[in-house]
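Residue numbers (this note's numbering): 791 to 1072.
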């Protein structure tokens, strides 16, 4: 049975309810929404998808799956993207000056989009060092019902019969620069082509994977949702569940500041220390 929502206390009432909002509704009809869709809660599905680095390339797929979960739970998803500056590409040159400030811009742009369009709740999908905290900052600032979803870590590559990651490439650069007989430029080139086999964030307990652990520890992400690597299609099951979960939060008026207590942040600090996490999480 389809639930009937009382939107009198939801932000989206400002853009969907009453005769004076007919112009607003005409835009929603233009995008294919039905009258029934417009009467449901509007859930912002924010993604940091881009083609800057593999950290972000699986996010759109998962954002679409989140939307499926929102729809299944009788909500109306509204997808949008924001920026990401990926440290793996930005570091080592002038580009790194853009990294930290991007965290705040992500939070700002998500907050502005949510407020500007009166969305009732948020599911944020992110996969990189600064996009994870930026997305969670937006959730705490907005304090609308919110669920965070990590895009997932990359799988290891294979080189000369062993697992390798981008860390092996960094170490190989040093060995090559030091004139090691075991790391010629040709061998370095062969390694760099195999170390990162597909979608996902850096394969180590660096900032992205650390903040993914934090997202679960503070209660913004579903339990175990950060564990599966990005290429695994069953990650999409967590994405669907995240969309369904945010509808439960709307119905019960549970907000990030209800969940992210001092004790939750202390729990996150313990998790970071116990896993040898990135000092960026401090």
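In this text, a Cβ means the ideal position worked out from N, Cα and C, and glycines have one as well.
Could you check the C-alpha separation between residue 909 and residue 823 for me, to the nearest Å? To locate residue 909, count along the chain shown from 1; it is residue 119. To locate residue 823, count along the chain shown from 1; it is residue 33. The straight-line gap from Cα to Cα measures roughly 15 Å.
What do you get for residue 1007, buried or exposed, if any count of 16 or more other CB atoms within 10 angstroms of its CB means buried? Locating residue 1007 in the chain shown gives position 217, counting from the first residue. Label assigned to residue 1007: buried.
Give a single yes or no on whether residue 937 has its beta carbon closer than 7 Å to a heavy atom of the ligand ADP. For the ligand ADP, the structure offers nothing, since it holds no ligand at all.
Go to residue 833, then tell me how far its beta strand (DSSP E) extends in each direction, as first and last residue. Taking the chain shown and counting its residues from 1, one reaches residue 833 at position 43. 832 to 837 is the extent of the beta strand (DSSP E) around residue 833.
What is the DSSP secondary structure of residue 986, counted as helix, strand or coil? On the chain shown, position 196 is the one that residue 986 refers to. Looking at residue 986 - three-state DSSP - the assignment turns out to be coil, as it is neither helix nor strand.
State the Cα-Cα distance for the pair residue 862 and residue 853, rounded to the nearest angstrom. Position 72 of the chain shown, counted from the start, is the residue given in the question as residue 862. Position 63 of the chain shown, counted from the start, is the residue given in the question as residue 853. Straight-line Cα distance between these residues: approximately 14 Å.
Could you round the C-beta distance between residue 945 and residue 990 to whole angstroms and report it? I think they count as a contact, below 8 Å. Counting from 1 along the chain shown, the entry for residue 945 is found at position 155. Counting from 1 along the chain shown, the entry for residue 990 is found at position 200. So it is a contact: roughly 7 Å between Cβ atoms.
Taking the C-alpha atoms as reference points, what is the distance between residue 1005 and residue 934? As a first step, residue 1005 must be located in the chain shown, where it is residue number 215. As a first step, residue 934 must be located in the chain shown, where it is residue number 144. Taking the straight line joining both Cα atoms gives about 16 Å.
Excluding the five sequence neighbours on either side, which residues of its own chain have a C-beta within less than 7 Å of the C-beta of residue 962, listed in chain order? Residue numbering aside, residue 962 sits at position 172 when the chain shown is read from its first letter. Cβ within range, chain order: 973, 978, 981.
Where residue 922 and residue 998 are concerned, what is the direct C-alpha to C-alpha distance, given to the nearest angstrom? Looking up residue 922 in the chain shown gives position 132. Looking up residue 998 in the chain shown gives position 208. Distance between the alpha carbons of residue 922 and residue 998: 7 Å.
Just to confirm, are residue 1011 and residue 855 a CB contact at a threshold of 8 Å? Indexing the chain shown from 1 puts residue 1011 at position 221. Indexing the chain shown from 1 puts residue 855 at position 65. No; because the gap between Cβ atoms is not below 8 Å, this pair is not in contact.
Would residue 927 and residue 938 qualify as a contact pair, given that the criterion is a beta-carbon distance under 8 Å? Here residue 927 refers to the residue found at position 137 when the chain shown is read from its first residue. Here residue 938 refers to the residue found at position 148 when the chain shown is read from its first residue. No; because the gap between Cβ atoms is not below 8 Å, this pair is not in contact.
Within this structure, are the beta carbons of residue 809 and residue 833 separated by less than 8 Å? What you label residue 809 is simply residue 19 of the chain shown in a count that begins at 1. What you label residue 833 is simply residue 43 of the chain shown in a count that begins at 1. Not a contact, by the Cβ cut-off of 8 Å.
What is the DSSP secondary structure of residue 1012, counted as helix, strand or coil? In the chain shown, counting from the first residue as 1, residue 1012 sits at position 222. In this structure, DSSP gives residue 1012 a state outside helix and strand, which the three-state scheme calls coil.
Cβ of residue 838 within 8 Å of Cβ of residue 792? Counting from 1 along the chain shown, the entry for residue 838 is found at position 48. Counting from 1 along the chain shown, the entry for residue 792 is found at position 2. No. Outside cutoff.
When DSSP labels each residue in this structure, what does residue 939 get in the three-state scheme? The count along the chain shown starts at 1 and reaches residue 939 at position 149. Residue 939: strand per DSSP, three-state reduction.
Suppose the cutoff is 6 Å on Cβ atoms and the five residues either side in sequence are ignored; what does the same chain contact list for residue 1057 look like? Taking the chain shown and counting its residues from 1, one reaches residue 1057 at position 267. Within the same chain, residue 1057 has close Cβ partners 1007.
Do the CB positions of residue 811 and residue 805 come within less than 8 Å of each other? Translated into the one-based positions of the chain shown, residue 811 becomes position 21. Translated into the one-based positions of the chain shown, residue 805 becomes position 15. It is a contact, given that the beta carbons lie within the stated cut-off.
So residue 1053 is in the alpha helix (DSSP H); what residue range does that whole segment cover? In the chain shown, counting from the first residue as 1, residue 1053 sits at position 263. From DSSP, the alpha helix (DSSP H) with residue 1053 extends over 1052 to 1064.
Residue 815, enclosing alpha helix (DSSP H) - first and last residue: Within the chain shown, the letter at position 25 stands for residue 815. Counting along the chain, the alpha helix (DSSP H) containing residue 815 begins and ends at 812 to 820.
Where does residue 869 fall in DSSP's three states? Sequence index remark: in the chain shown, residue 869 carries index 79 (1-based). Three-state DSSP puts residue 869 in a strand.
Do residue 897 and residue 1040 come within 8 Å of each other at the CB atom, strictly closer than that value? Counting from 1 along the chain shown, the entry for residue 1040 is found at position 250. Counting from 1 along the chain shown, the entry for residue 897 is found at position 107. No, the pair does not count as a contact, with Cβ atoms beyond the cut-off.
Can you name, in chain order, every residue of its own chain whose Cβ lies under 7 Å from the Cβ of residue 844, other than the five neighbours on each side? On the chain shown, position 54 is the one that residue 844 refers to. Within the same chain, residue 844 has close Cβ partners 944, 986, 988, 989, 990.
Here's the rule: buried if 16 or more other CB atoms are within 10 angstroms of the residue's CB, otherwise exposed. What is residue 1069? Position 279 of the chain shown, counted from the first residue, corresponds to residue 1069. Flag for residue 1069 reads exposed.
Would you tell me roughly how many angstroms separate the C-alpha atoms of residue 1049 and residue 830, rounded to the nearest one? Numbered from 1 along the chain shown, position 259 holds the residue referred to as residue 1049. Numbered from 1 along the chain shown, position 40 holds the residue referred to as residue 830. Roughly 24 Å separates the two Cα atoms.
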